[in-house]
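Here's the structure, in structure tokens; my notes come after.
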Amino acid sequence: MNTRAPILGRFGFGYVAPAVLLVAGLLYAPFLWTAYLSFTRYDGLEPAQWIGVHNFGKLLDDPALLTSIRNTLLWVIGTMVLPVGLGLLVAVLSYDIKGGVWFRVPFLLPYALSGAGLAMVWSPILSHDGIANQLLGVDTAFLQDAPVNTLAMLLVWTWQQLGVNMLLFVVGLQSIPKEPIEAARLDGAGGWRLFRYVIWPLMRPLTAVVVGLALVAGLKTFDIVWVLTQGGPGRNSETLAVTMYKETFVASDYGYGSAVAVMLTVVTGLASYLYLKRQVAQ
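This is how it looks when you write it as structure tokens:
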């Protein structure tokens with residue numbers, strides 16, 4: 001008689017309890033604490049004072065927040081279009097050709113850099129007297145004028161993220177069955193028609209994942225912006241994540257910074273839910 005299954009059924013929660021407690025301790029508890037602080041006035045020194053929804057009302061009257069929202073939207077659109085689109089293009093062009101593996105290597109190398117390291121590499125290039133202006137023969141303040149600074153940082157982000165998106169699409173291309181492609185070629189399909197009507201529909205599940213990851217990455221952009229501009233000049237290149245950091249750790253307004261963090265979490269969760277719901281419905 002097999003008694004193993006009843007024993008596992010009775011004590012099964014004990015096996016997963018450590019992982020559940022770890023997740024609760026590292027993710028849920030800090031978020032609940034942050035949510036509580038968003039309803040308080042707290043500078044990290046004096047005891048927190050409950051002030052209700054005052055911090056959220058302050059959000060609506062803060063002109064810097066509108067700038068952060070605008071820049072965050074630019075990041076979301078940019079990360080969903082540039083790294084994903086160019087990664088797909090490189091993957092398709094290098095797929096099933098001789099030497100395609102070596103063609104992809106230069107696109108993968110930048111991904112080895114961290115966001116902060118990437119920003120340090122590009123900072124002297126994009127500075128006012130940097131290499132970019134000298135090579136292009138222009139006098140553009142790539143990191144000073146808005147929204148040029150956000151677009152310049154998006155190009156830097158694309159340079160890093162293109163490779164990993166390309167790799168994901170290559171894996172997707174390699175997982176496609178050969179039979180539909182060969183049948184389409186026998187019917188005379190090739191080039192754009194083959195990609196549009198055969199390859200692209202078969203890659204739809206993977207594309208949904210790649211675009212979803214880009215959506216979340218765009219919403220929480222922080223490191224590149226912080227190292228290159230610190231949200232400036234002034235506050236014209238801030239994203240929501242940078243605003244949260246500056247209000248919390250620079251201005252020591254933990255209550256208001258927590259309100260921004262809660263808003264960012266809600267926006268990210270809602271955007272992810274709506275995107276996944278739309279993908280499931282299709």
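Going by full-length UniProt numbering, the residue at position 40 of the sequence shown is 40; the numbering climbs one at a time, nothing skipped. Ideal Cβ placement from N, Cα and C applies to all residues, glycine included.
Neighbour flag for residue i against chain C, beta carbons, 8 Å
| i | result |
| --- | --- |
| Arg70 | Of the protein chains in this structure there is only one, and it is not chain C. |
Option nearest residue i by Cα separation, candidates the options
| i | options | result |
| --- | --- | --- |
| Trp200 | Val216, Leu186, Pro180 | Pro180 |
| Thr40 | Phe31, Trp50, Trp33, Leu32 | Trp50 |
| Gly52 | Leu186, Val105, Gly255 | Gly255 |
| Pro147 | Leu37, Val225, Asn133, Gly100 | Val225 |
| Met244 | Asn133, Val210, Val280, Thr72 | Thr72 |
| Arg70 | His54, Lys246, Arg235 | Arg235 |
| Asp145 | Ser94, Gly172, Pro18, Pro233 | Pro233 |
| Ser175 | Ala184, Asp96, Thr239 | Asp96 |
| Val260 | Leu274, Val250, Tyr42, Val242 | Val242 |
Reduced DSSP category for residue i - H, G, I as helix; E, B as strand; rest coil
| i | result |
| --- | --- |
| Pro110 | helix |
| Gln230 | coil |
| Gln134 | helix |
| Met1 | Its pLDDT being 47, under 50, Met1 is placed unreliably by the model, and nothing is read from it. |
| Gln49 | strand |
| Arg41 | strand |
Through-space distance from residue j to residue i, alpha-carbon basis
| i | j | result |
| --- | --- | --- |
| Gly218 | Val76 | 4 Å |
| Ala91 | Leu162 | 10 Å |
| Ala19 | Val138 | 55 Å |
| Glu182 | Leu194 | 10 Å |
| Asp253 | Lys246 | 9 Å |
| Val266 | Met153 | 25 Å |
| Val280 | Ser272 | 12 Å |
| Leu264 | Asn55 | 14 Å |
Pair within 8 Å by beta-carbon distance, residue i and residue j
| i | j | result |
| --- | --- | --- |
| Gly115 | Asp223 | yes |
| Asn149 | Leu143 | yes |
| Leu215 | Gln160 | no |
| Val210 | Ser38 | no |
| Gly212 | Leu151 | no |
Heavy atom of the ligand ZN within 7 Å of residue i beta-carbon
| i | result |
| --- | --- |
| Gly232 | Within the structure as shown, the ligand ZN is missing, as the structure has no ligands at all. |
Checklist entry - Quick one: any contact between the region 156-168 and the region 73-93, if contact means 3 or more CB pairs under 8 Å? => result yes
Item to check | the region 58-71 touching the region 105-125, judged by at least three CB pairs closer than 8 Å | outcome: no
Item to check | Cβ contact (3+ pairs, closer than 8 Å) linking the region 31-46 and the region 202-216 | outcome: no
Item to check | Segment contact flag, the region 97-114 with the region 178-194, C-beta cutoff 8 Å, min 3 pairs | outcome: no
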